[in-house]
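Here the structure is laid out as structure tokens; the discussion comes afterwards.
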Amino acid sequence: MSPEIQAEEVRFNPPVTLADSAEAERTLFKLDSPGSLHWVEVYGPVSSVESLTILVRGPRGSLHKARAERTVQFGDDLGREGMHLSGDGWTFGHCPKRGQALSVRFEDPIPVQELAISVCGGAFDLAALRWGRGATLTCPFRGSGQNIALSDLPAILRMGDRPRFDLAVDQLVSAVATTEELDEARGQILTMLAIIAATSLEFGGGRTLHRHQLDAARTLDRLTDLREIAEFARKTCFELAGPLLAPAPGTQDELIELALQTVQRFYAKPLTDASLADRLGLSTSHFRHLFKRRTGLPFHRYLVQFRLEKAKELLSKGQGSVSEVAHRTGFTSLGHFSKCFSARFNMAPSEVRAIRQL
15 MSPEIQAEEV RFNPPVTLAD SAEAERTLFK LDSPGSLHWV EVYGPVSSVE
65 SLTILVRGPR GSLHKARAER TVQFGDDLGR EGMHLSGDGW TFGHCPKRGQ
115 ALSVRFEDPI PVQELAISVC GGAFDLAALR WGRGATLTCP FRGSGQNIAL
165 SDLPAILRMG DRPRFDLAVD QLVSAVATTE ELDEARGQIL TMLAIIAATS
215 LEFGGGRTLH RHQLDAARTL DRLTDLREIA EFARKTCFEL AGPLLAPAPG
265 TQDELIELAL QTVQRFYAKP LTDASLADRL GLSTSHFRHL FKRRTGLPFH
315 RYLVQFRLEK AKELLSKGQG SVSEVAHRTG FTSLGHFSKC FSARFNMAPS
365 EVRAIRQL
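Residue numbering for the sequence shown follows the working numbering, starting at 15 and increasing by one per position.
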């Protein structure tokens with residue numbers, strides 16, 4: 015459902031003089047909440063100004079720039095050729111004639127929270143400003159206050175930060191449950207699922223992730239009830255992110271078991287005891303104590319031995335050269351790998367591979 019467009023207007027009596035001076039930009043209005051800007055009109059008498067620039071800022075200060083396909087109407091004699099791109103807005107090479115308006119209409123409404131104008135080469139007496147604005151679905155990931163920004167999600171997932179991920183899902187579900195823009199809500203859900211899937215692939219997630227996303231898109235197309243869509247979003251987000259998230263607080267044995275599973279799945283990644291401890295909600299020293307009590311080895315030694323066992327398995331099956339196997343099992347130095355391998359198995363990696371080729 016398209017939002018209703020409301021025309022808003024502010025008149026300046028006497029006119030506001032916008033001059034090319036140290037104050038190069040004049041803010042004309044600010045909105046309490048973002049909306050979608052459909053068109054802007056500027057009214058004023060003839061003035062000796064070389065150019066006039068309209069700047070539209072969206073949430074969090076983002077600037078919106080012109081695109082060639084947007085239509086510009088300026089009196090009777092100015093078409094597209096009268097507009098050129100600048101770094102921060104729409105710049106027009108002439109000023110409105112008396113009784114006429116400079117009108118900018120957008121084929122795709124853009125988010126707006128602040129509108130400003132600047133001039134170059136003279137002064138412009140602004141008599142009135144009009145704009146058309148519609149409501150938009152509030153983005154649940156603006157990152158303001160305690161909110162989670164969408165750009166923070168990959169880091170949250172990599173750290174296995176369940177409390178902050180819970181908050182991000184709550185933000186999404188709350189926004190979806192209170193909007194009438196079903197298509198935009200579906201798009202936000204699919205965006206979050208895509209970020210979860212992309213992060214999961216970094217940690218060895220399988221191709222089933224793509225199937226899961228496709229199934230989610232088909233399900234969202236069928237659902238029309240907002241409550242059902244919101245609950246589906248919550249359920250699917252946790253299903254996809256589950257392997258990356260630390261469990262809800264449990265026993266110490268359960269936490270160390272999760273650490274062992276993490277080593278088994280992601281041994282080729284740059285794991286450290288500090289990062290795993292943080293993921294499990296434990297201090298590094300306490301994690302080290304629990305891990306050694308369970309395995310009999312410090313974390314780093316356990317990880318190296320696990321990598322070496324995997325490397326020997328790959329070499330004995332002929333699955334790659336020595337350097338390839340070293341890289342695939344998490345070793346960044348071939349020399350260090352060979353030294354550790356020889357100390358562990360009393361033979362060089364190349365010997366294991368040579369035996370396989372006999």
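C-beta atoms are modelled at their ideal positions from N, C-alpha and C, and glycine is treated no differently.
Separation of residue j from residue i, as counted between CA atoms
{"i": "Leu171", "j": "Ala137", "result": "53 angstroms"}
{"i": "Lys306", "j": "Cys354", "result": "21 angstroms"}
{"i": "Ala211", "j": "Asp229", "result": "13 angstroms"}
{"i": "Ile162", "j": "Leu204", "result": "17 angstroms"}
{"i": "Ser214", "j": "Tyr281", "result": "15 angstroms"}
{"i": "Phe179", "j": "Phe359", "result": "43 angstroms"}
{"i": "Leu272", "j": "Leu196", "result": "38 angstroms"}
{"i": "Glu216", "j": "Met206", "result": "16 angstroms"}
{"i": "Leu186", "j": "Lys326", "result": "46 angstroms"}
{"i": "Gln333", "j": "Thr343", "result": "12 angstroms"}
{"i": "Thr250", "j": "Arg232", "result": "13 angstroms"}
{"i": "Gln275", "j": "His226", "result": "23 angstroms"}
{"i": "Leu322", "j": "Lys283", "result": "14 angstroms"}
{"i": "Asp239", "j": "Leu329", "result": "55 angstroms"}
{"i": "Gly310", "j": "Leu223", "result": "36 angstroms"}
Which residues DSSP lists as bridging residue i, in chain order
{"i": "Leu285", "result": "According to DSSP, which records beta bridges pairwise, Leu285 is partnered with nothing at all."}
{"i": "Gly146", "result": "Ala21, Trp53"}
{"i": "Val366", "result": "DSSP lists no partner for Val366."}
{"i": "Thr31", "result": "Asp139"}
7 angstroms CB neighbourhood of residue i in its chain, flanking five on each side removed
{"i": "Ser364", "result": "Val336"}
{"i": "Gly174", "result": "Leu258, Leu259, Ala260, Arg293"}
{"i": "Phe313", "result": "Asp287, Arg302, Phe305"}
{"i": "Asp91", "result": "Since pLDDT at Asp91 reaches only 31, below the 50 mark, its modelled position is unreliable, and no value is offered."}
Residue i: CB within 8 angstroms of a non-hydrogen atom of the ligand MN
{"i": "Leu269", "result": "Looking for the ligand MN in the displayed structure turns up nothing, as the structure carries no ligands at all."}
Residue i, buried or exposed, once every other Cβ within 10 Å from all chains shown has been counted against 16
{"i": "Cys109", "result": "Since pLDDT at Cys109 reaches only 45, below the 50 mark, its modelled position is unreliable, and the value read off the structure follows with that caveat. Buried is the call here."}
{"i": "Ser356", "result": "exposed"}
{"i": "Ile243", "result": "buried"}
{"i": "Arg200", "result": "buried"}
{"i": "Arg241", "result": "exposed"}
{"i": "His52", "result": "buried"}
{"i": "Gln202", "result": "buried"}
Sequence-distant residues of the same chain with beta carbon closer than 8 angstroms to residue i, five excluded per side
{"i": "Val277", "result": "Leu285, Tyr316, Leu317, Phe320"}
{"i": "His4", "result": "Any question about residue 4 goes unanswered here, given that the chain covers just 15 to 372."}
Same chain, Cβ closer than 6 angstroms to residue i, neighbours up to 5 away in sequence not counted
{"i": "Leu304", "result": "Gln266, Ile270"}
{"i": "Ala21", "result": "Gly146"}
{"i": "Val30", "result": "Leu140"}
{"i": "Ala33", "result": "Ala137"}
CB-CB length for residue i against residue j, believed under 8 angstroms
{"i": "Arg144", "j": "Glu23", "result": "4 angstroms"}
{"i": "Leu167", "j": "Ile209", "result": "5 angstroms"}
{"i": "Ala340", "j": "Phe351", "result": "4 angstroms"}
{"i": "Arg279", "j": "Val183", "result": "That belief does not hold up - the Cβ atoms of Arg279 and Val183 are roughly 23 angstroms apart, past 8 angstroms."}
CB contact below 9 angstroms: residue i versus chain D
{"i": "Glu323", "result": "This model lacks chain D altogether; it includes just one protein chain."}
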